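Trainee: Before I ask anything, here is the structure I am working with.
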Amino acid sequence: MTDTLVLIDGHALVFRAFHAVPQLTSPKGELVNAVYGFTSMLFKAWRELRPRYVIATFDTSAQTFRRASYEAYKGTRGPQPEGIRPQFHHVYRLLEAMSIPVFTLDGYEADDLLGALSKQAAERGLDVVILTGDMDALQLVDPRVRVLTSRRGFSDTILYDEQAVRDRYGLDPRQLPDFKALRGDASDNIPGVPGIGDKTAAKLLQT
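Okay, so the sequence shown: first residue is 4 according to the numbering used here, each after it adds one.
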């Protein structure tokens with residue numbers, strides 16, 4: 004049986020949990036909904052996948068190379084929602100208590116580390132599952148790399164392999180960066196090509 008590595012997209016998962024899980028507070032009155040959602044997702048993956056290795060990745064506050072080359076990148080995003088920053092501290096403490104290593108690198112996003120780590124692990128014969136709340140990770144799916152993400156709410160999850168990506172988009176995972184470039188991405192403030200939406204972008208890439 005092949006060993007499995009679970010890669011945690013820390014920032015994406017914390018933000019997804021913060022917005023998907025109803026507000027919960029600790030006995031001290033602190034918001035802990037993101038911590039609860041993050042922990043629930045991690046434990047669910049642990050039970051179902053039984054990984055031998057687990058690594059978490061997070062963004063840093065440093066400017067990324069994307070922002071340096073395209074100043075408007077993610078330029079429409081507002082400040083962090085109130086109550087989320089302290090929860091990152093609790094998540095870091097949780098990962099430390101579980102002896103899960105945390106990888107960060109100034110100038111790069113957690114997504115970039117996920118891509119590099121998943122490629123290196125697959126080349127070494129490991130099966131990889133990326134745990135995330137960000138659908139952009141689907142471009143990393145290949146015969147050895149899958150993506151586990153939530154659908155509705157936070158408890159309903161789906162595991163994407165290559166066929167699941169094709170079923171959703173009508174495209175191979177490797178085509179998703181071109182798909183995003185054509186139709187744009189409002190969340191990252193990427194304009195795309197005027198007049199091209201999801202259907203047209205997919206059709207162009209299918210020809």
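Quick reminder that beta carbons are idealized off the backbone N, C-alpha and C, glycines included. All of these numbers come straight from a predicted model, not from anything done at the bench.
1) Based on Cα-Cα distance, which residue from T60, V132, S64, P89 lies nearest to K47?
2) In angstroms, rounded to a whole number, what distance separates the CA positions of F182 and E112?
3) Expressed to the nearest angstrom, what Euclidean distance is found between the alpha-carbon atoms of L179 and A65?
4) Candidates T135, L34, P176, G110: which alpha carbon is nearest I58's?
5) Could you give the uninterrupted runs of the alpha helix (DSSP H) lying entirely in the segment 54-88, keeping only those of 4 residues or more?
6) Could you tell me the distance, in whole angstroms, from the CA atom of R69 to the CA atom of L52?
7) For L27 versus Q90, is the C-beta spacing smaller than 8 Å?
8) Would Y56 pass as a contact of D6 if the rule is Cβ separation under 8 Å?
9) Can you check the segment 143-201 for any alpha helix (DSSP H) of at least 4 residues that lies completely inside it and give the ranges in chain order?
10) Would you report the Cα separation of L120 and I199, rounded to the nearest angstrom?
11) Given a threshold of 16 other Cβ atoms within 10 Å of its Cβ, counted over all protein chains shown, does V148 qualify as buried or as exposed?
12) Going along the chain, which residues of its own chain have a beta-carbon closer than 8 Å to the beta-carbon of D175, five neighbours each way excluded?
13) Since F91 sits in a beta bridge, which residues does DSSP pair it with?
14) Out of curiosity, what's the CA-to-CA distance linking E85 and H93?
15) Grab the span of the beta strand (DSSP E) containing D130 for me, first residue to last.
16) When the Cα of L45 is compared with those of I87, I193, T152, which residue comes out closest?
Mentor: Quick look at the numbers:
1) In the sequence shown, the residue the question calls residue 47 occupies position 44. Measuring from the Cα of K47, the nearest candidate turns out to be V132.
2) Start at 1 with the first residue of the sequence shown, and residue 182 comes out as number 179. Start at 1 with the first residue of the sequence shown, and residue 112 comes out as number 109. Rounded to the nearest angstrom, the two C-alpha atoms are 21 Å apart.
3) Here residue 179 is taken as the residue at index 176 of the sequence shown, counted from 1. Here residue 65 is taken as the residue at index 62 of the sequence shown, counted from 1. L179 and A65: Cα-Cα distance of roughly 27 Å.
4) Position 55 of the sequence shown holds residue 58. Among T135, L34, P176, G110, the Cα nearest to that of I58 belongs to T135.
5) 68-72
6) Taking the sequence shown and counting its residues from 1, the one referred to as residue 69 is at position 66. Taking the sequence shown and counting its residues from 1, the one referred to as residue 52 is at position 49. Spanning the two alpha carbons is a distance of roughly 33 Å.
7) Position 24 of the sequence shown, counting from 1, holds the residue named residue 27. Position 87 of the sequence shown, counting from 1, holds the residue named residue 90. If you check the CB distance, L27 and Q90 do not come in under 8 Å.
8) Mapped onto the sequence shown, residue 56 falls at position 53. Mapped onto the sequence shown, residue 6 falls at position 3. Yes; because the gap between Cβ atoms is below 8 Å, this pair is in contact.
9) 165-172, 179-186
10) For the purposes of this step, residue 120 is taken as the residue at position 117 of the sequence shown. For the purposes of this step, residue 199 is taken as the residue at position 196 of the sequence shown. So the two alpha carbons sit approximately 33 Å from each other.
11) Position 145 of the sequence shown, counted from the start, is the residue given in the question as residue 148. So V148 counts as buried.
12) One-based indexing of the sequence shown puts residue 175 at position 172. E165, V168, R169, listed in sequence order.
13) For the purposes of this step, residue 91 is identified with residue 88 of the sequence shown, where counting begins at 1. According to DSSP, which records beta bridges pairwise, F91 is partnered with nothing at all.
14) Translated into the one-based positions of the sequence shown, residue 85 becomes position 82. Translated into the one-based positions of the sequence shown, residue 93 becomes position 90. Cα-Cα distance, rounded: 15 Å.
15) As a working mapping, residue 130 is identified with position 127 in the sequence shown. Counting along the chain, the beta strand (DSSP E) containing D130 begins and ends at 130-134.
16) Against the sequence shown, residue 45 aligns to sequence position 42. Taking only the C-alpha atoms, the option nearest L45 is T152.
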